[in-house]
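What follows is a set of notes on a single structure, which appears directly below.
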Amino acid sequence: MVKLDVHGVVVSMEPEQAERLRLVAAAQAGSSSRLRDLALVLDWALASTRVVALRRSEARELLRLVEATPELTDVADVLESVRRAA
């Protein structure tokens, strides 16, 4: 499991979900340094067993990316608790 701290809420997702999210962020990284940072943090989270905390800008990009990308609907379900807390 990949564990991310998003706005103080620990979210667990399957490695496959995190990898898809990383690939989408990396594909769009040329247009945004925040997406590049998110892709790098997700890469690190995939290689780690620890909870990885996202900075505010990375968390904002994560939520925006998930909402804007239909193929990430299963990740959106995982992040629903973050949206409720925000």
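In this text, residue positions in the sequence shown follow our numbering: the first is 7, and each later residue adds one. Every residue, glycine too, gets a C-beta built ideally from N, C-alpha and C.
Element boundaries [alpha helix (DSSP H), containing residue i]
i	result
Ser63	62-74
Ser39	39-53
Ala82	79-84
Paired residues, beta bridge with residue i - DSSP
i	result
Met19	Val8
Val58	Leu10
Spatial neighbours of residue i in its chain, beta-carbon cut-off 8 Å, leaving aside the 5 residues before and after
i	result
Ser38	Glu67
Spatial neighbours of residue i in its chain, beta-carbon cut-off 6 Å, leaving aside the 5 residues before and after
i	result
Ala82	Val72
Closest Cα partner of residue i within the set the options
i	options	result
Val15	Pro76, Val30, Arg70, Val58	Val58
Arg42	Thr55, Arg56, Ser63, Gln23	Ser63
Asp49	Leu78, Val84, Gln23, Leu85	Gln23
Arg26	Thr55, Leu60, Ala45	Ala45
Leu10	Ala65, Ala74, Thr75	Ala65
Pro76	Val30, Gly36, Val8	Val30
Val47	Arg61, Glu86, Gln34	Arg61
Thr55	Leu69, Ser18, Ala33	Ser18
Any C-beta of chain D under 8 Å from that of residue i
i	result
Leu69	Reference to chain D is not applicable here, since this structure consists of a single protein chain.
Through-space distance from residue j to residue i, alpha-carbon basis
i	j	result
Ala51	Arg28	10 Å
Leu85	Leu69	8 Å
Spatial neighbours of residue i in its chain, beta-carbon cut-off 7 Å, leaving aside the 5 residues before and after
i	result
Asp80	Gln23
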